[in-house]
Structure formats: structure tokens, C-alpha cells
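Before any comments, here is the structure.
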Amino acid sequence: MAKNKLKHFADMKTMDFVFEPDISTLKNGSFSLKGKWSTLFFNNQHPIIIELGCGKGEYTVELAKKYPHKNFIGIDIKGARMWYGANEVREKKLKNVAFVRLRIDFILEIFNPNEVDEIWLTFSDPQKEKPRKRLTSKLFMDRFKQILKPNGIIHLKTDSDILFEFTIKQIEEHQYKCNNFTWNLYGNEYWDNLSDEQKEILSIKTNYEQIFSNKGHLIKYCQIKF
Ligand SMILES: C[S@@+](CC[C@H](N)C(=O)[O-])C[C@H]1O[C@@H](n2cnc3c(N)ncnc32)[C@H](O)[C@@H]1O
Numbered sequence: 001m002a003k004n005k006l007k008h009f010a011d012m013k014t015m016d017f018v019f020e021p022d023i024s025t026l027k028n029g030s031f032s033l034k035g036k037w038s039t040l041f042f043n044n045q046h047p048i049i050i051e052l053g054c055g056k057g058e059y060t061v062e063l064a065k066k067y068p069h070k071n072f073i074g075i076d077i078k079g080a081r082m083w084y085g086a087n088e089v090r091e092k093k094l095k096n097v098a099f100v101r102l103r104i105d106f107i108l109e110i111f112n113p114n115e116v117d118e119i120w121l122t123f124s125d126p127q128k129e130k131p132r133k134r135l136t137s138k139l140f141m142d143r144f145k146q147i148l149k150p151n152g153i154i155h156l157k158t159d160s161d162i163l164f165e166f167t168i169k170q171i172e173e174h175q176y177k178c179n180n181f182t183w184n185l186y187g188n189e190y191w192d193n194l195s196d197e198q199k200e201i202l203s204i205k206t207n208y209e210q211i212f213s214n215k216g217h218l219i220k221y222c223q224i225k226f
């Protein structure tokens with residue numbers, strides 16, 4: 001493993017806002033913050049917003065800076081990427097952020113029903129060959145429905161036509177509610193009608209958004225509710 005990666009992994013172990021639950025803890029249901037993020041970690045009752053497949057955690061960190069009265073948790077299996085977001089949280093001394101190194105498949109083992117207010121899916125893997133593994137498949141959406149509060153929101157931001165078309169089919173098939181839907185987020189027709197606050201949130205650019213935008217991909221966005 002590259003030297004830098006090892007250094008970053010070791011560094012993350014020193015950060016008290018980064019959690020790396022092991023499989024046995026997850027499987028026997030003993031992750032200590034499950035159902036207790038507000039009381040044991042954040043020490044407040046502010047809304048909890050999570051970013052799944054957060055990579056370097058751009059949404060998690062930028063939203064946390066903008067909304068100090070909301071709590072943010074970035075989740076990804078790749079610790080080397082997560083370190084960048086975690087390092088910024090440490091440098092900026094943000095108290096409303098946590099990161100969890102976890103396979104999203106275990107999401108029900110770290111949150112109780114109704115514990116989460118919003119979910120961001122930022123440039124999720126389109127899983128071209130494995131539709132069941134897409135984060136907007138019924139398998140994952142059923143899990144998200146459990147941890148979300150009634151009226152909770154899922155934000156999907158993607159460059160992928162495959163994932164977006166698949167998601168539209170899921171919305172129709174399972175009768176999810178869909179708002180603020182666009183195939184071209186930054187196109188004048190959609191963008192010009194957004195409030196300044198919406199523009200500020202939606203213009204946060206993740207690492208993958210930058211890569212795909214540079215290749216000329218249009219950015220798609222929608223909000224889903226159950
Ligand atoms: C295409 S990258 C996007 C990263 C980041 N959101 C961005 O926009 O730059 C997808 C991320 O999802 C993570 N990921 C994919 N499937 C996952 C799973 N089942 N559990 C945890 N992380 C997953 C990958 O490790 C990767 O960091």
C-alpha cells in the first residue's frame with residue numbers, strides 16, 4: 001500500500017469523529033452510536049443529514065460549514081478518500097461532522113428507524129452490470145425508508161444517464177414522490193428558477209462532479225420522498 005495511504009489510515013485512527021466499526025460489531029448489533037448519534041455524539045437534537053458514498057466528503061464538509069445547527073455524517077468504504085474531508089473537519093474544528101467507514105449495505109446497523117432527516121447520494125456508482133447494487137434500487141431504498149424520518153428527503157446528484165433513468169423507473173414502479181427533478185441542473189431553464197440558497201447548496205462540486213463535468217457530462221438532480 002502507498003506510504004501516504006498508510007499515513008492517512010493511521011491518522012484517521014486518531015480522529016474522534018471518524019468511526020470504523022468492524023464486521024462483528026455490525027453483525028451483532030453492538031455499534032454504540034446506533035440510535036444515539038444525537039445524545040452520545042453530537043450532544044444536541046439538530047437534524048442529521050448523511051452523505052452515502054461520500055468519497056472525499058465535499059457535501060458533508062461544505063454543508064456542515066454552511067449549517068452549524070445541523071449535523072452531518074459522511075459514509076464511504078474507502079478510507080483513503082475520506083481522510084481529505086476528515087482532515088478539513090479537524091483543521092476547521094467543525095463540531096457537527098462525523099465520518100463512518102462502512103459498506104452502505106450495513107446502514108441499518110448504525111442508525112435506528114427515524115434517526116435521519118436527509119440523505120445525499122452524490123455521484124453514486126452507476127453499477128452498470130449490477131442494478132441490485134445501485135443505491136436507488138429497492139433493496140437500498142427500503143433500508144433508507146427505515147432510517148429516514150417521515151417526510152425525510154433523498155437528494156440524488158449524478159452525471160450518469162444509466163443511474164438516473166433507472167431511478168426514474170424505480171420512482172414510477174414503487175410510487176415514490178419526486179420533486180425538483182432535472183436532467184440538466186445547471187441549464188438556465190432550471191437553474192434560473194432556484195433560490196440563492198438552493199444555488200449555493202447545489203453548486204457544491206464533488207471530486208467526481210468535477211471529473212465528469214470536465215468531460216462534458218450534464219449533471220442531473222432530483223429529490224425523492226416516500
Ligand atoms: C463515484 S464515487 C463518488 C464519490 C463522491 N461522492 C464524489 O462525488 O466525488 C462513489 C463512492 O461510493 C463509494 N461506494 C460505492 N459503493 C459503496 C458501498 N456499498 N458502501 C460504501 N461506499 C460505497 C465508493 O467507495 C466511492 O467513494
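According to our numbering, the stretch in the sequence shown is residues 1 to 226, in order.
The beta carbon of each residue, even a glycine, is placed where N, CA and C say it ideally should be.
These numbers come from a predicted model, not from an experiment.
Pick from Glu189, Ser213, Thr182 that is closest to Cys222, judged by C-alpha positions
For this step, residue 222 is matched to residue 222 along the sequence shown. The residue from Glu189, Ser213, Thr182 with its alpha-carbon nearest to that of Cys222 is Thr182.
Is Ala98 helix, strand or coil by DSSP?
On the sequence shown, residue 98 is found 98 positions in, with the first residue counted as 1. It is a strand residue.
What are the start and end residues of each continuous alpha helix (DSSP H) run of 4 or more residues lying completely inside the region 31-92, in chain order?
Along the length of the region 31-92, whole alpha helix (DSSP H) runs at least 4 residues long occupy 58-66, 79-92, reported in chain order.
Given a cut-off of 7 angstroms on the beta-carbon distance, is the pair Ala98 and Phe17 in contact?
Counting from 1 along the sequence shown, the entry for residue 98 is found at position 98. Counting from 1 along the sequence shown, the entry for residue 17 is found at position 17. Going by C-beta atoms, Ala98 is nearer than 7 angstroms to Phe17.
Counting along the chain, where does the beta strand (DSSP E) carrying Thr122 start and finish?
Within the sequence shown, residue 122 is the residue found at index 122, counting from 1. It spans 116-122 - the beta strand (DSSP E) in which Thr122 sits, taken as one unbroken run.
Just tell me which of Ile104, Glu109, Asn180, Asp11 has its CA closest to the CA of Ile140.
Along the sequence shown, read from residue 1 onward, the residue named residue 140 stands at position 140. Before going on, a small fix: residue 140 reads as Phe here, not Ile. The candidate whose alpha carbon is nearest that of Phe140 is Ile104.
For my contact list, Met12 and Ala86 are in at a C-beta cut-off of 8 angstroms; report their separation, rounded to the angstrom.
Taking the sequence shown and counting its residues from 1, the one referred to as residue 12 is at position 12. Taking the sequence shown and counting its residues from 1, the one referred to as residue 86 is at position 86. Right, the Cβ-Cβ distance comes to about 6 angstroms (below 8 angstroms), so this counts as a contact.
Answer yes or no: the CB of Phe9 versus the heavy atoms of ligand 1, is any distance below 6 angstroms?
Taking the first residue of the sequence shown as position 1, residue 9 is located at position 9. Here the distance from the Cβ of Phe9 to the nearest heavy atom of ligand 1 is not below 6 angstroms.
DSSP on Lys186, reduced to helix/strand/coil?
Your numbering for residue 186 matches position 186 in the sequence shown. Note that residue 186 is Tyr in the sequence shown here, rather than Lys. In the structure shown, Tyr186 sits in coil (DSSP, three-state: anything other than H, G, I, E or B).
In three-state terms, what does DSSP make of Phe19?
As a working note, residue 19 is residue 19 in the sequence shown. Shown here, Phe19 sits in a strand according to DSSP, grouped into three states.
Can you pull the DSSP bridge partners for Asn214?
Taking the first residue of the sequence shown as 1, we reach residue 214 at position 214. Under DSSP, no beta-bridge partner is assigned to Asn214.
What does the shell around ligand 1 hold, if a residue joins when its beta-carbon is under 5 angstroms from any heavy atom?
After applying the 5 angstroms Cβ criterion, the set is Gly53, Gly55, Asp76, Ile77, Lys78, Arg103, Ile104, Thr122, Phe123, Asp125, Thr206, Asn207, Tyr208.
Comparing alpha-carbon positions, which option in Phe111, Ile49, Phe212, Leu40 lies nearest Asp125?
Here the question's residue 125 lines up with position 125 in the sequence shown. Comparing Cα-Cα distances from Asp125 to each of Phe111, Ile49, Phe212, Leu40, the minimum goes to Phe212.
Buried or exposed for Glu51, please, with buried defined as at least 16 other CB atoms from any protein chain shown within 10 angstroms of its CB.
Here residue 51 refers to the residue found at position 51 of the sequence shown. If you draw a 10 Å sphere on the C-beta of Glu51, you find 16 or more other C-beta atoms in it, and that means buried.
Ordered along the chain, which non-local residues of its own chain (more than five positions away) have a Cβ less than 6 angstroms from that of Thr25?
The residue given as residue 25 occupies position 25 in the sequence shown. Residues Phe31 of the same chain have their beta carbon placed closer than 6 angstroms to that of Thr25, with the five preceding and five following residues left out of the count.
How long is the line joining the alpha carbons of Ile75 and Asn193, rounded to whole angstroms?
Translated into the one-based positions of the sequence shown, residue 75 becomes position 75. Translated into the one-based positions of the sequence shown, residue 193 becomes position 193. So the two alpha carbons sit approximately 31 angstroms from each other.
Spatial distance of Lys128 from Arg134 (CA atoms):
Residue mapping note: residue 128 aligns to position 128 of the sequence shown, counting from 1. Residue mapping note: residue 134 aligns to position 134 of the sequence shown, counting from 1. If you take the alpha carbons of Lys128 and Arg134, they lie about 9 angstroms apart.
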